Amino acid sequence: MARDFVRGNFDCARENRNMLGTVLLIILILLLIGAFPAWPYSSGWGYGPSGILGVLVVVLLILLLMGRI
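Mapping of the sequence shown onto UniProt numbering: position 67 corresponds to residue 67, and the numbering continues sequentially without gaps.
The structure is reproduced here in structure tokens:
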């Protein structure tokens with residue numbers, strides 16, 4: 001019975017991590033869209049901010065697919 005309780009908590013923690021990773025991915029994608037230099041307010045920024053956010057999205061996707069987050 002104690003093992004089932006521990007497994008239940010572990011599964012719950014894993015689900016919380018997956019949900020956190022999904023929320024982070026959505027936030028990063030929204031930031032990436034906002035930093036894209038096609039918008040008038042960000043046209044002078046160049047591709048630096050969107051490139052950095054793009055790398056963060058790729059890293060987060062890799063971590064999600066590997067099950068680390």
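In this text, a Cβ means the ideal position worked out from N, Cα and C, and glycines have one as well.
Please read these numbers as outputs of a predicted model, since none were measured by experiment.
In three-state terms, what does DSSP make of Ser43? In the structure shown, Ser43 falls within a coil segment according to DSSP collapsed to helix, strand and coil.
Looking at the unbroken alpha helix (DSSP H) that takes in Gly48, where does it start and where does it end? First-last of the alpha helix (DSSP H) with Gly48: 48-66.
Is the region 58-67 in contact with the region 32-50, if contact means three or more CB pairs nearer than 8 angstroms? In the pairwise beta carbon analysis, the region 58-67 is classified as not touching the region 32-50: fewer than three pairs are separated by under 8 angstroms.
Since Leu32 and Gly54 are thought to touch, with beta carbons under 8 angstroms apart, how far apart are those beta carbons, to the nearest angstrom? With 8 angstroms as the limit, Leu32 and Gly54 qualify as a contact, their Cβ atoms being about 6 angstroms apart.
At the level of alpha carbons, what is the spacing between Ser50 and Ile27? Going by C-alpha positions, Ser50 is about 13 angstroms away from Ile27.
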